[in-house]
Amino acid sequence: AGAAIVDCFGVTQDPTGCYMFVTKFYEYGNLQEFLTKTMGCLCWRDIVDMLWGMISGGLERIHDSGFYHGNLHCGNLLIDELPESIHLKISDVGLHGPADGTDINDNVESTSISEQFDIAEEKRFLDLINKTFTQPTIHKGA
Numbered sequence: 001a002g003a004a005i006v007d008c009f010g011v012t013q014d015p016t017g018c019y020m021f022v023t024k025f026y027e028y029g030n031l032q033e034f035l036t037k038t039m040g041c042l043c044w045r046d047i048v049d050m051l052w053g054m055i056s057g058g059l060e061r062i063h064d065s066g067f068y069h070g071n072l073h074c075g076n077l078l079i080d081e082l083p084e085s086i087h088l089k090i091s092d093v094g095l096h097g098p099a100d101g102t103d104i105n106d107n108v109e110s111t112s113i114s115e116q117f118d119i120a121e122e123k124r125f126l127d128l129i130n131k132t133f134t135q136p137t138i139h140k141g142a
């Protein structure tokens with residue numbers, strides 16, 4: 001996925017009918033959890049660079065795609081730490097629809113959303129109940 005957008009592999013539905021995104025697991029949690037754990041380890045310059053560069057880049061990508069976030073807060077800013085750096089990823093992308101205020105179903109196809117945010121349209125995962133494996137669909141962004 002994009003540099004500052006959460007890695008999303010698809011959508012699933014739980015037994016109660018609620019839809020959920022299938023995403024990468026971010027072991028460092030959200031921004032608030034990360035800053036609490038690392039208090040005193042990061043200088044303000046690192047924090048400002050992380051927030052300014054990565055959030056603005058992610059929001060620019062969302063806006064350039066004709067969407068808006070609408071609910072940005074530290075709980076949906078996830079931390080992805082790589083060996084030499086820390087990356088911040090924006091989650092809950094596109095939940096509030098197109099920037100022009102129309103319903104997402106009025107003018108955007110789901111495949112268009114998948115292409116814009118590198119969401120795998122079909123991905124088969126481990127069946128935890130039956131403990132069987134299925135052949136995964138290869139996706140360039142996964």
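Residues in the sequence shown are numbered from 1 upward in steps of one, following full-length UniProt numbering.
Note that CB positions come from ideal geometry on N, CA and C, so glycine has one too.
Asked: CA-CA distance, lysine 89 and isoleucine 62?; Found: 12 angstroms
Asked: Tell me the DSSP secondary structure of aspartate 49 in three-state form.; Found: helix
Asked: DSSP has lysine 89 in a bridge; who is on the other side?; Found: Leu78
Asked: Could you check the C-alpha separation between cysteine 43 and tyrosine 68 for me, to the nearest Å?; Found: 31 angstroms
Asked: Please classify serine 85 as buried or exposed, where buried requires at least 16 other C-beta atoms within 10 Å of its C-beta.; Found: exposed
Asked: Using 10 angstroms around the beta-carbon of phenylalanine 9, count the other beta-carbons present and answer buried if the total reaches 16, otherwise exposed.; Found: buried
Asked: Measure the C-alpha to C-alpha separation of isoleucine 119 and lysine 37 and round it to an integer number of angstroms.; Found: Bear in mind that a pLDDT of 43 at isoleucine 119, under 50, signals an unreliable position, so the number given afterwards is only what the model happens to contain. Straight-line Cα distance between these residues: approximately 30 angstroms.
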